[in-house]
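Residue numbers (UniProt numbering): 1 to 1097.
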């Protein structure tokens, strides 16, 4: 002990002699500087200390702080305390053991892509919304991902991978059941809902308000019904169900005449007549099997009807969408590249046309065959070896290796790319269909194109309001809502003009539905938000102000310690003792551990194989797996920690572990990789990253290996910039708990693009959108202007403050040329490169022929949400970090680099979504100004309908006149059929029974059954009796089985629903239509009727 005290006294004495030194010159950018020698003469007494002494302690920390030499060094704010009283997650261990370290901040931050993302308690760039189901962690949704939504008048239904669930909108403001409730993980903060018994994944939904049913199509080929008005309990059971298709039911729709149409793979379209469905619904539960058989045997196969001599008139591609044209009584069927238009009453095919509007007669397979041949030809690429003479001339071994690697990687890439795109036209695929109030049909494509069609299938015009793929539509009044794969929702008028746009979710918007006072959106991650019909408008600012005032009610704070480790392992392996010294010894009080390795495995053959595997979506190696298993053992994986995922790119490997008691708050892990070596194609240099959500905040961890050599400063700067701009996070094959709800298109998301259209500004990289970004790895920045001997002398004296002035990375950061605006703790440990393997102590520095100058190649640098050196953690600045430990493990000798570690204390501020939803509900129901604005949405323009009763005989036509009396607002009308009844001779009251979706009986044609009436204008609606028979059902003009036809008089009740352009309420008027059988012959004029049906008006 006395000997150690004497040593410390000597050290203090040596350090005291440095006070008389002249100040160093200020550091400048040395991007162009080559290696040079120092001419600075040191006048201080050099301490006699042998670097070759292996007994030097590895825990070297200087007590000397040169805070006057650099004004970019900041002490951490006292508000950032490692032991906060309000923290929910508390690490084991003494919180007073560490004090926040001083940090150096690089210049150039706060602007452009290096600016921290804007955060606020209420987002100012989008309307306030109802968080019906907050974004759940992806890992909690395995087997339960939501795929679609549909709204009734009072409910929101969602189809999921294991059945359906339903929310009562009147309970939408209620808080969730919390962690102690009976809901499964991921739904703790969702509004109360009910869930069905498990079924096959639900792929589509259709609402039947006429019979108070919701129909669902499933992956197992079944169609199921669910009662809206049942007394819900979890799990609730299905009603009528039957096997509709051999493959999945991809789309269903209820037509104007109440029939149920369904589409599947191979272009198969089936009709399930309402008469058989109605009969099956009337059977008792004990007769369920008979009911299913009755429906199954009643279908009409439309594909079979339009197939002649083996040639089919419609496409054999999957059915993407089915749409009912209520205005004209037709059905649109959309495949990826073509459309077919059908008569909903007669089931006749009216037209087949492609996505460009050109009429087609048959499916053209020639282009697909040509693409098949192109792929086959590409697979026949031959590699011709060069002659021995050629091999011996001209190029070096390194150059030949590089050419071989690039050639192999490029060949695999070209074949894979050709094969992936051989069978689809990615930029033209149809993804969604909708009909607006004026009768126009809109389709959305994967290139963001919006196409407007008229009712005959003629292409009217197209718009390109956003560069990303369209995923879904919905319409309300005179507005069209569009959901994109970028997470953006746009609002258009009926002419295609953009009204508003905002980023609705941080993932693709896959479904939209209108219900009650909201437009609900479903994101691919399962989150559901409700957007007020009045938005955007004055109501938004009122709600924002109220919510911001109540911020303290729903904000929460947490504290997590994170350990980052980086090590260039030099293609070697480490002992368990080395890993325990590096990670295990300091992991006892941390919640998250992230480890980055460089040079796990190298060599030309391995790099070529890695590049080829990356091209086809594969990654990893046996050596990488060994490292993951060995590190996991050092961290007690399975007992204390759980590994969430990893990503390997050639010799780069990053992996992440989470402590089990923090696991419920961490998820949504994604991975990314950016190669920088050999023309930005090979992963010997580059970066690999992981992205996770922690307490609803996004964190990114990027492991880098940048260009080597002293003079390659510019290349290193360029490598960082390339990685920062091009790192895109997606699901990886090495991420655990892999599952995701499929987005219907494989188009990359363009993050940060302008919602108004194609942005002229620079797109924001994924890393710019993160709340915290940590870069670590072998950055390869060296010490400049200093000799090998001088560097060793400075290290021997622990004069790390002087060595920092010679650090290339520090100089480049200070000049704002790399790691712009990021932070690093002041380095208080010896340079970590370059050492002789298995030689302990500081004497292990390279003493060979090259005598590489010691350097801090291995670094850990970060950015959080602070825009100033000191900032309080709150919802405006939700992630504030401090560094508690930053050192190197000098006793580890398994590589020529020393492993480095950094321990962060990270404060998180986030929103309790359940509580904020409750506050949102209080504002909506109690604020008088907001209620007054919402009441204006109840305005319905005055309209009259004449006459209120109609009597028809065979083939008679009558006209209804609907008049809009308003002088300022358009009237939007829709006609439905409340039910049909047989007129009884005994004078009993008629019993009206509705068809599916309040559809019309087949003998009645109403046209146009929907539309828009301008102020002080009117529209004439034709109400016509039609025969029930097609020409195929007739023989010589006489209907077959006409003597069995019901010849009694019938009566239906038509209901004209009228609403305003933005009205949530409707005015309804009933019209009685009676059909009286006449004494006229029932003979059909087949020719005239057939011609009239095929006329497209």
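Even glycine gets a Cβ: it sits at the ideal position worked out from N, Cα and C. This one's a predicted model, so the numbers in the text were calculated from it and none came from an experiment.
Q. Near residue 209, which residues of its chain fall below 8 Å by C-beta distance, leaving aside the five closest residues on each side in sequence?
A. The residue you call residue 209 lines up with position 209 of the chain shown. Closer than 8 Å at Cβ, skipping near neighbours: 152, 153, 997 and 998.
Q) What are the boundary residues of the beta strand (DSSP E) that includes residue 558? A) Looking up residue 558 in the chain shown gives position 558. Start and end: 555 to 568.
Q | Exposed unless 16 or more other CB atoms sit within 10 angstroms - verdict on residue 834 | A | Residue numbering aside, residue 834 sits at position 834 when the chain shown is read from its first letter. By the 10 Å Cβ count, residue 834 comes out buried.
Q. Helix or strand or just coil, what does DSSP make of residue 887?
A. To locate residue 887, count along the chain shown from 1; it is residue 887. In the structure shown, residue 887 sits in a strand (DSSP, three-state: E or B).
Q: Throw me the rounded Cβ distance for the residue 583 and residue 563 pair, which I believe falls under 8 Å.
A: Start at 1 with the first residue of the chain shown, and residue 583 comes out as number 583. Start at 1 with the first residue of the chain shown, and residue 563 comes out as number 563. So it is a contact: roughly 7 Å between Cβ atoms.
Q | Whole-angstrom distance between residue 314 and residue 308, CA atom to CA atom | A | In the chain shown, the residue the question calls residue 308 occupies position 308. In the chain shown, the residue the question calls residue 314 occupies position 314. Near 11 Å, if we compare the C-alpha coordinates of residue 314 and residue 308.
**Q.** Residues near residue 707 by beta carbon distance below 7 Å, same chain, minus five either side
**A.** Looking up residue 707 in the chain shown gives position 707. Excluding positions up to five away in sequence, the list reads 685, 715, 716, 719 and 780.
Q: Could you check the C-alpha separation between residue 787 and residue 489 for me, to the nearest Å?
A: Here residue 787 refers to the residue found at position 787 of the chain shown. Here residue 489 refers to the residue found at position 489 of the chain shown. So the alpha carbons of these two residues sit roughly 60 Å apart.
**Q.** Span separating the alpha-carbon of residue 205 from that of residue 1051
**A.** Within the chain shown, residue 205 is the residue found at index 205, counting from 1. Within the chain shown, residue 1051 is the residue found at index 1051, counting from 1. Approximately 31 Å, taken between the alpha carbons.
Q.
My assumption, with CB atoms under 8 Å, is that residue 960 sits in contact with residue 1021. Please give the rounded CB distance.
A. In the chain shown, counting from the first residue as 1, residue 960 sits at position 960. In the chain shown, counting from the first residue as 1, residue 1021 sits at position 1021. At roughly 4 Å, the Cβ-Cβ gap stays under 8 Å, so residue 960 and residue 1021 are in contact.
Q) Are the segment 926 to 943 and the segment 185 to 192 in contact at 8 Å, needing three or more beta carbon pairs? A) no
Q) Is residue 21 helix, strand or coil when you go by DSSP? A) For the purposes of this step, residue 21 is taken as residue 21 along the chain shown, with counting starting at 1. In this prediction, residue 21 scores a pLDDT of 38, lower than 50, which makes its location untrustworthy; the coordinate-derived value is nonetheless stated afterwards. Correct three-state label for residue 21: coil.
Q: Would you list the one or two residues that DSSP bridges to residue 730?
A: The sequence position of residue 730 within the chain shown is 730, counting from 1. 671.
Q. Do three or more CB pairs link the segment 878 to 892 to the segment 537 to 549 at distances below 8 Å?
A. no
Q. Which first and last residues belong to the beta strand (DSSP E) in which residue 976 is found?
A. For the purposes of this step, residue 976 is taken as residue 976 along the chain shown, with counting starting at 1. 971 to 982 is the span of the beta strand (DSSP E), which, as asked, contains residue 976.
Q. Going straight from the alpha carbon of residue 962 to that of residue 515, what length do you get?
A. Locating residue 962 in the chain shown gives position 962, counting from the first residue. Locating residue 515 in the chain shown gives position 515, counting from the first residue. Those two C-alpha atoms are separated by around 26 Å.
Q) From residue 549 to residue 260, what does the alpha carbon distance come to, in whole angstroms? A) Here residue 549 refers to the residue found at position 549 when the chain shown is read from its first residue. Here residue 260 refers to the residue found at position 260 when the chain shown is read from its first residue. When rounded, the distance between both Cα atoms is 50 Å.
Q: Count the other C-beta atoms from every protein chain shown that fall within 10 angstroms of the C-beta of residue 622, then say buried if there are 16 or more, exposed otherwise.
A: Here residue 622 refers to the residue found at position 622 when the chain shown is read from its first residue. Looking at its Cβ environment, which holds fewer than 16 other Cβ atoms inside 10 Å, residue 622 is exposed.
Q. Out of curiosity, what's the CA-to-CA distance linking residue 267 and residue 537?
A. Position 267 of the chain shown holds residue 267. Position 537 of the chain shown holds residue 537. Whole-angstrom Cα-Cα distance: 43 Å.
Q.
Pairs of beta-carbons, one from the segment 825 to 834 and one from the segment 108 to 116, closer than 8 Å: are there three or more?
A. no
Q) Taking DSSP as the reference, what is the three-state secondary structure of residue 307? A) If you number the chain shown from 1, residue 307 lands on position 307. If DSSP states are grouped into helix, strand and coil, residue 307 belongs with the strands.
Q.
My assumption, with CB atoms under 8 Å, is that residue 567 sits in contact with residue 897. Please give the rounded CB distance.
A. Along the chain shown, read from residue 1 onward, the residue named residue 567 stands at position 567. Along the chain shown, read from residue 1 onward, the residue named residue 897 stands at position 897. That belief holds up - the Cβ atoms of residue 567 and residue 897 are roughly 6 Å apart, short of 8 Å.
Q) Hey, how far is the Cα of residue 199 from the Cα of residue 292? A) By 1-based counting over the chain shown, the position of residue 199 is 199. By 1-based counting over the chain shown, the position of residue 292 is 292. In a straight line, the C-alpha of residue 199 is about 17 Å away from that of residue 292.
Q: Please confirm whether residue 518 and residue 101 have their CB atoms less than 8 Å apart.
A: Mapped onto the chain shown, residue 518 falls at position 518. Mapped onto the chain shown, residue 101 falls at position 101. Taking 8 Å as the Cβ cut-off, residue 518 and residue 101 do not qualify as a contacting pair.
**Q.** Continuous alpha helix (DSSP H) stretch holding residue 699: start and end
**A.** Here residue 699 is taken as the residue at index 699 of the chain shown, counted from 1. Residue 699 -> not in any alpha helix (DSSP H); beta strand (DSSP E) instead, spanning 697 to 705.
Q | Neighbourhood of residue 228 by C-beta distance below 7 Å, restricted to the same chain and skipping five residues each side | A | For the purposes of this step, residue 228 is identified with residue 228 of the chain shown, where counting begins at 1. Same-chain partners within the cutoff: 152, 155, 212, 213 and 214.
Q: Report yes or no: do the segment 911 to 919 and the segment 550 to 562 share at least 3 C-beta pairs separated by less than 8 Å?
A: yes
Q) Do you know offhand how far residue 857's Cα is from residue 316's? A) Numbered from its first residue, the chain shown carries residue 857 at position 857. Numbered from its first residue, the chain shown carries residue 316 at position 316. Looking at the two C-alpha atoms, the distance is approximately 59 Å.
Q. So, residue 910 versus residue 556, is the Cβ gap smaller than 8 Å?
A. On the chain shown, position 910 is the one that residue 910 refers to. On the chain shown, position 556 is the one that residue 556 refers to. Result yes, Cβ atoms of residue 910 and residue 556 sit closer than 8 Å.
Q.
Assuming contact is defined by CB atoms lying nearer than 8 Å, are residue 119 and residue 887 in contact in what I supplied?
A. Walking along the chain shown from the start, residue 119 turns up at place 119. Walking along the chain shown from the start, residue 887 turns up at place 887. No, they are not a contact pair.
**Q.** Length of the line joining the Cα atoms of residue 441 and residue 459
**A.** One-based indexing of the chain shown puts residue 441 at position 441. One-based indexing of the chain shown puts residue 459 at position 459. Approximately 10 Å between the Cα atoms of the pair.
Q. First and last residue of the alpha helix (DSSP H) that includes residue 1075?
A. In the chain shown, the residue the question calls residue 1075 occupies position 1075. Run containing residue 1075: none in the alpha helix (DSSP H); it sits in the beta strand (DSSP E), 1067 to 1075.
Q.
Tell me which residue opens and which closes the beta strand (DSSP E) that residue 862 is part of.
A. The residue given as residue 862 occupies position 862 in the chain shown. Per DSSP, residue 862 belongs to the beta strand (DSSP E) from 858 to 863.
Q) Do residue 659 and residue 596 have their CB atoms nearer than 8 Å? A) Against the chain shown, residue 659 aligns to sequence position 659. Against the chain shown, residue 596 aligns to sequence position 596. For residue 659 and residue 596, no; Cβs fall outside 8 Å.
**Q.** residue 932 to residue 541 span [Cα, whole Å]
**A.** As a first step, residue 932 is located in the chain shown; it is residue number 932 there, counting from the start. As a first step, residue 541 is located in the chain shown; it is residue number 541 there, counting from the start. About 15 Å.
Q: Return the Cβ separation of residue 270 and residue 262 in integer angstroms, given the expectation that the two are a contact with Cβ distance under 8 Å.
A: Taking the first residue of the chain shown as 1, we reach residue 270 at position 270. Taking the first residue of the chain shown as 1, we reach residue 262 at position 262. Confirmed, about 5 Å.
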